[in-house]
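> Counting with the working numbering, you get residues 9 to 283 for the letters of the sequence shown. Just so it is clear, CB atoms sit at the ideal spot from N, CA and C, and this is done for glycine as well. My structure is below; once you've seen it, I'll send some questions.
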Amino acid sequence: MRAKHDNSLEKSIETSSGNVVYTLFQDSQPVEMNAYLGEPITLRFSGTISCIHCGRKIRKSYSQGYCYPCCRKLAQCDLCILKPETCHYHAGTCREPEWGEKHCMRDHFVYIANSSGLKVGLTRATQIPTRWMDQGAIQAIPVYKTKTRYQAGLLEVTIGKAVSDKTNWRKMLKGEVEQLDMQIEAAELLNRTADDIEALSQSLGENQIEPCYENRVYEFNYPVLTYPTKIKSLNFDKQPEVSGTLLGIKGQYLILDSGVLNIRKFTGYDVELYV
Numbered sequence: 009m010r011a012k013h014d015n016s017l018e019k020s021i022e023t024s025s026g027n028v029v030y031t032l033f034q035d036s037q038p039v040e041m042n043a044y045l046g047e048p049i050t051l052r053f054s055g056t057i058s059c060i061h062c063g064r065k066i067r068k069s070y071s072q073g074y075c076y077p078c079c080r081k082l083a084q085c086d087l088c089i090l091k092p093e094t095c096h097y098h099a100g101t102c103r104e105p106e107w108g109e110k111h112c113m114r115d116h117f118v119y120i121a122n123s124s125g126l127k128v129g130l131t132r133a134t135q136i137p138t139r140w141m142d143q144g145a146i147q148a149i150p151v152y153k154t155k156t157r158y159q160a161g162l163l164e165v166t167i168g169k170a171v172s173d174k175t176n177w178r179k180m181l182k183g184e185v186e187q188l189d190m191q192i193e194a195a196e197l198l199n200r201t202a203d204d205i206e207a208l209s210q211s212l213g214e215n216q217i218e219p220c221y222e223n224r225v226y227e228f229n230y231p232v233l234t235y236p237t238k239i240k241s242l243n244f245d246k247q248p249e250v251s252g253t254l255l256g257i258k259g260q261y262l263i264l265d266s267g268v269l270n271i272r273k274f275t276g277y278d279v280e281l282y283v
């Protein structure tokens, strides 16, 4: 089957009973990729890249899919997206206040995840559990709820004094991650940073940070036949055609016997999928 992938390369993921299902879209029609595990696939980049916001043809994408002008002017491309603790909406300098109101001035959760080991992170309430599947986490537990992204960013930095806020993507893709008792791990981390969390809570005001770590632990099973022992990254900018047997899908990555492909990195690329 030849599938034209809508002039961009994206993915959607769903979960049922902890099993993650990956879908690519051809002309807005879903193609469930789990069904092609163990099968040969080819992805062919046409050489065309389009900005995912304005649609203009570009030679190089910025911030995973944008043209340079959009990257410079859109709030969703600002530095505070990567560093939420630097959010400046409250200072009246947000690039797009309406966008900020919709995406940043909303309830957020700070969580502890197990992706390549324990990490702290944050996400909008509407992105649960998608955010954790994007990261390739096998477990996750929300620990605090905040009123805004900025507050969640400050809390993430506070808890980050005791645990990483990054995923080691190579370790995650090798499957070198063990199941943990997340409620115990989360409780220990929060106990180690309790004084700093209390100080932050006091500075932000009453009911701005609410604990929720009694909530259930989310667990995820990824469609992987075989994890790679060595990681070789595949890149459409260097290799316009990528082929191999699909061995698995985890986080942002297709795992082939020829290497791993970061799907999100090539958002906006015109790619044809042959399965």
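1. Tell me whether A121 is buried or exposed, calling it buried when 16 or more other Cβ atoms sit within 10 Å of its Cβ.
2. Can H116 and L130 be called in contact, C-beta distance under 8 Å?
3. Out of curiosity, what's the CA-to-CA distance linking M190 and I146?
4. Identify the residues that DSSP records as bridge partners of F53: which are they?
5. What residue range does the alpha helix (DSSP H) around H111 cover?
6. For the region 179–186 and the region 148–168, state whether three or more C-beta atom pairs, one from each stretch, are separated by less than 8 Å.
7. Which residue from R52, Y221, L255, K246 puts its Cα closest to that of Y235?
8. Put E218 into one of helix, strand or coil per three-state DSSP.
9. Along the chain, where does the beta strand (DSSP E) that runs through T253 open and close?
10. Contact defined as beta carbons within less than 8 Å: I believe K75 pairs with C62. What is the distance between those atoms, to the nearest angstrom?
11. From the DSSP output, in three-state form, read off E148 for me.
12. Between which two residues does the alpha helix (DSSP H) holding Q210 run?
13. Measure the beta-carbon distance from L163 to I205 and round it to whole angstroms, keeping in mind my assumption that it falls under 8 Å.
14. Determine the direct distance from the alpha carbon of N215 to that of A207, and round the result to whole angstroms.
15. Consult DSSP for L264 and reduce its assignment to one of helix, strand or coil.
16. Are the beta-carbon atoms belonging to C88 and H96 less than 8 Å from one another?
17. Could you spell out the range, first to last residue, of the alpha helix (DSSP H) harbouring K179?
18. Which value, in whole angstroms, describes the spacing of the CA atoms of G168 and Y119?
19. Thinking C-alpha only, which one of S124, L90, R132 is nearest K110?
20. How far does the alpha helix (DSSP H) with G161 in it extend, from its first residue to its last?
This is what the structure holds:
1. buried
2. With contacts defined by Cβ atoms closer than 8 Å, H116 and L130 form a contacting pair.
3. 11 Å
4. V279
5. 105–111
6. Taking 8 Å as the limit for Cβ pairs, the verdict is that the region 148–168 does not touch the region 179–186.
7. L255
8. Here E218 sits in strand by DSSP.
9. 249–258
10. The residue you asked about is not Lys; residue 75 is Cys in the sequence shown. Confirmed, Cβ separation roughly 6 Å.
11. Before going further, note that residue 148 is Ala rather than Glu in the sequence given. DSSP places A148 in strand when its eight states are reduced to three.
12. 202–212
13. With a Cβ gap of about 7 Å, L163 and I205 count as contacting.
14. Each residue's alpha carbon lies about 13 Å from the other.
15. Strand at L264.
16. yes
17. 177–181
18. 11 Å
19. R132
20. 157–167
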